Amino acid sequence: MAWGPDRWRFYRLVGREAARTVRAAAARVSAPPDILARVRVSGLVIAPQDLRTSDATFADDIYAGLFVFAGRSLTASGGSPFDYAPPSPEWADELYGFGWLRHLRAADTALARANARAFVADFIAGRGDPALARQTPVAARRLVSFLCQSPLVLEGADHAFYQGFLRAIARNAQQLERDLRRGVPPHWRLTAAVALCYAGLCCEGIQPILRRATRVLSRELDRQILPDGGHRSRDPRFAMDLLLDLLPLRQSYLSRSVEPPAALLRAVDRMLPLLRLLRHPDASLSHFNGMGATDADHLATLLVYDGALARPMMHAPNSGYERLEGGRVVVVADVGGSPPLPYSANAGAGCLSFEMSSGPQRIVVNCGLPASGGDLRRLARSTPAHSTASVANASSCRFLAPASWGLEHAAAAWLIRRRGPVVLRGPASVAAERVEEGDSLLLAGRHDGYGPDYGVVHERRWQLFPAAGRLEGRDAFLRQAGKGRGAGRLRGHDVAIRFHLHPGIAVRGVPEGLELASALGEVWLFSAEGAAVAVEESVYFSGLTGPRRTDQIVLHLRVADDTEVRWTFARLASAPLRGAA
3 MAWGPDRWRF YRLVGREAAR TVRAAAARVS APPDILARVR VSGLVIAPQD LRTSDATFAD
63 DIYAGLFVFA GRSLTASGGS PFDYAPPSPE WADELYGFGW LRHLRAADTA LARANARAFV
123 ADFIAGRGDP ALARQTPVAA RRLVSFLCQS PLVLEGADHA FYQGFLRAIA RNAQQLERDL
183 RRGVPPHWRL TAAVALCYAG LCCEGIQPIL RRATRVLSRE LDRQILPDGG HRSRDPRFAM
243 DLLLDLLPLR QSYLSRSVEP PAALLRAVDR MLPLLRLLRH PDASLSHFNG MGATDADHLA
303 TLLVYDGALA RPMMHAPNSG YERLEGGRVV VVADVGGSPP LPYSANAGAG CLSFEMSSGP
363 QRIVVNCGLP ASGGDLRRLA RSTPAHSTAS VANASSCRFL APASWGLEHA AAAWLIRRRG
423 PVVLRGPASV AAERVEEGDS LLLAGRHDGY GPDYGVVHER RWQLFPAAGR LEGRDAFLRQ
483 AGKGRGAGRL RGHDVAIRFH LHPGIAVRGV PEGLELASAL GEVWLFSAEG AAVAVEESVY
543 FSGLTGPRRT DQIVLHLRVA DDTEVRWTFA RLASAPLRGA A
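One rule links them: number in the working numbering = place in the sequence shown (from 1) + 2.
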């Protein structure tokens, strides 16, 4: 990492994190005894519904010793998966979170139930890596999974296993209760509070924790869920996963004749419409700020609670997302800044990027976040992995990454372990506005993410003509006097404007520009003026079966003064491509 002007931001972050660590240690010394240290789980009262869909064929893979999580696989060869080194950190999170128990429950066989008990018994007996198991979000997911899947795990179990299972739930809840006191990152506090509310509602003997957990849940929901329904991380995946837990939690309160907290009801009502804003007609969410492949069944389940005929929001100013929709065409754009640092571990440098669909066919996409792989995930978060403009092939955000030497390298590595690869600096000024102009919808935005290093402000305008099936765009690059490296000299910078294409789109050159054809028979024409047009190789990280090769349209230009580029996507009459490629 080249520090430059961000060196002092880095040092301030190190100082704040070190101070937080000292305060947490002092709080642990002076804190009163844990609530859960004085009680024990004496029984289970209810098993919450798990809204996540399940696949019974997963049980066959488990029986064969094959464990496929987060796009990686491991063959246990008749042993326990806890005895093997995880193929990726994300794979380990899935294993120790035990969300996959729902697939065994779907199989509904004696063998699946026996397998579930055996794996839970392995974990309770201490097999595996305790450090991987105790991370707050993993422990929260495991607690919710154990409670939701308790009918599967406990059916046919003996008394000794039942008591061991209850003790495991109590230990898990006690750990999360301690984590809340230690000052974990805010989105971890929210997931821990959700899990502890589940425990307080489902278990006999730990009701004292329900009151505290409900207070924390209410406070965190009010802090973290924005007025337009987005989460502060701007991460659609986190929002979707959170809703999959909040909806059954709301029902669990009612099942125990306990009034759900008002903050929970408000959050659910606000969050569902925002998912519709981000949803494309192919039932997947836009690939912004941590979103990868969409589980369409999960999304469909959530949107049932919002009403089958509900219309999507078009304008989410707090979350920084906009939707243009007319006829068959949908455009979803990111016109927001970087999320606050504690929430930015998955955020992308995709300001002014967009995705476009025509009917059920995605045309323009962002690369999306892969399920596993640190290097790939860093690449997918960069500006060139988004359908927007990049200057000097750099990102409009500065990500925290290991430094190249000595103490700074060690400090950065320590911060990444605690906070993740957060955004150290993003655009300081981001603005957007939208209007209707006659028969068209117009959206305009700008950001200064390239100002400090290159002295360039990026402006983008989208204008959708629904009746004509045409999207016109303009990218402008404005030089800031006295800004950027080498300020005072007129320096040019190479700029690339990228439009990543969905793998289902075939592209070829024609005299008028580029012809884009989908498997559904629709044909679009892309044209541009003010830049050289090229078709280059890209990768689509968000495929359901893993990364896929695809193409991208790239407009190359050099910016030494104020410069403007215009481009158009125009739908032609539905017809096959003319001639051979």
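C-beta: ideal position from N, C-alpha, C; glycine also. Note that the structure is a prediction, hence the values are computed from the model and not measured.
Handout entry: Proximity to A335 [Cα-Cα], best of R463, L381, H300 and F528
Key = R463
Problem - Residues that DSSP places opposite D336 in a beta bridge - result: Y323
Practice task
Consult DSSP for D553 and reduce its assignment to one of helix, strand or coil.
Solution key: strand
Problem - Range covered by the alpha helix (DSSP H) that runs through H300 - result: A298 to V306
Practice task
Would you be able to state if there are at least three C-beta pairs under 8 Å between the segment 103–115 and the segment 149–161?
Solution key: yes
Handout entry: Residues that M273 bridges to, as DSSP identifies them
Key = Answer is none; M273 lacks a bridge partner.
Exercise for the section: State the start and end residues of the unbroken alpha helix (DSSP H) segment that holds L466. Expected result: Note, L466: premise wrong, no alpha helix (DSSP H); beta strand (DSSP E) at V458 to F467.
Problem - Residue(s) in a DSSP beta bridge with Q363 - result: S360
Handout entry: Residue ranges of each beta strand (DSSP E) within the segment 157–217, 3 or longer
Key = none
Handout entry: F84, DSSP secondary structure in three states
Key = helix
Practice task
Quick one: residues in its chain with C-beta nearer than 8 Å to the C-beta of L267, no 5 flanking neighbours on either side, listed in chain order?
Solution key: R252
Exercise for the section: Give every residue of the same chain whose Cβ lies closer than 7 Å to the Cβ of S442, excluding the five residues on either side of it in the sequence, and list them in chain order. Expected result: Q465, L466 and F467
Exercise for the section: List the endpoints of the continuous beta strand (DSSP E) containing E438. Expected result: V432 to E439
Exercise for the section: Evaluate the contact criterion for the segment 296–307 versus the segment 332–347: three or more CB pairs, one atom per stretch, below 8 Å. Expected result: no
Handout entry: Status (buried if at least 16 other CB within 10 Å, exposed otherwise) for R580
Key = Unreliable positioning characterises R580 in this predicted model, as indicated by a pLDDT of 46, which lies under 50. The coordinate reading is nonetheless provided below. Exposed, because fewer than 16 other Cβ atoms sit within 10 Å of the Cβ of R580.
Practice task
Could you name each continuous alpha helix (DSSP H) segment of 4 residues or more that falls completely within the segment 72–149, going from the start of the chain to the end?
Solution key: 91–99, 103–109, 112–126 and 132–135
Handout entry: Contact set for L444: own chain, Cβ-Cβ below 6 Å, skip 5 residues either direction
Key = V437 and Q465
Handout entry: CA-to-CA distance, F60 to D553, given in whole angstroms
Key = 33 Å
Exercise for the section: Compute the Euclidean distance between the alpha carbons of G451 and D230, then round it to the nearest angstrom. Expected result: 24 Å
Practice task
Whole angstroms is fine: what's the gap from A391's alpha carbon to D224's?
Solution key: 35 Å
Practice task
Output the boundary residues of the beta strand (DSSP E) element that contains I507.
Solution key: I507 to V512
Handout entry: Residues near M358 in its chain [Cβ-Cβ closer than 6 Å; skip 5 each side]
Key = V333, I365 and V366
Handout entry: Reference G294; option with closest CA among A127, N368 and V186
Key = N368
Problem - Helix, strand or coil at R580 [DSSP, three-state] - result: At R580 the pLDDT is 46, less than 50, meaning the model places this residue with poor confidence; the figure from the coordinates comes in the next sentence. Looking at R580 - three-state DSSP - the assignment turns out to be coil, as it is neither helix nor strand.
Practice task
Evaluate S395 with the Cβ neighbour count: other Cβ atoms within 10 Å of its Cβ, from every protein chain shown; 16 or more gives buried, anything less gives exposed.
Solution key: With the sequence shown as reference, residue 395 is identified as Asn, and Ser is not the correct amino acid for it. Exposed, by the Cβ-count rule.
Problem - A562 versus S355: straight-line alpha-carbon distance, rounded - result: 23 Å
Problem - Simplified DSSP assignment, three categories, for W569 - result: strand
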